[in-house]
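*Asks:*
Residue numbers (my numbering): 2 to 67.
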């Protein structure tokens with residue numbers, strides 16, 4: 002599936018909803034983090050995972066809640 006996603010994104014916009022942080026980090030170029038229906042943070046995937054701007058994002062990706 003992930004190989005297919007890499008092929009498709011060359012020609013299409015692909016939106017994936019996942020709770021798997023590992024999968025999101027592997028297949029996405031941009032990431033959005035929603036909490037209780039609110040968009041908390043959106044940006045380049047590598048920045049979201051290495052330097053999130055919002056504490057709630059950091060808490061989620063580090064497993065403090067989920």
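All C-beta atoms in this analysis are idealised placements derived from N, C-alpha and C, irrespective of residue type, glycine included.
On a predicted model such as this, the values are computed, not experimentally measured, just so you know.
Does DSSP put residue 42 in a helix, a strand or coil?
*Replies:* Note: residue 42 maps to strand in three-state DSSP.
*Asks:* Tell me which residues share the same chain as residue 62 and place their Cβ nearer than 7 Å to its Cβ, disregarding the 5 neighbours each side in the sequence.
*Replies:* Same-chain partners within the cutoff: 22, 50, 53.
*Asks:* Please report the residue range of the alpha helix (DSSP H) in which residue 26 lies.
*Replies:* Start and end: 22-28.
*Asks:* Between the beta-carbon of residue 27 and the beta-carbon of residue 8, is there less than 8 Å?
*Replies:* Not a contact, by the Cβ cut-off of 8 Å.
*Asks:* For residue 66, which three-state DSSP category applies?
*Replies:* Coil.
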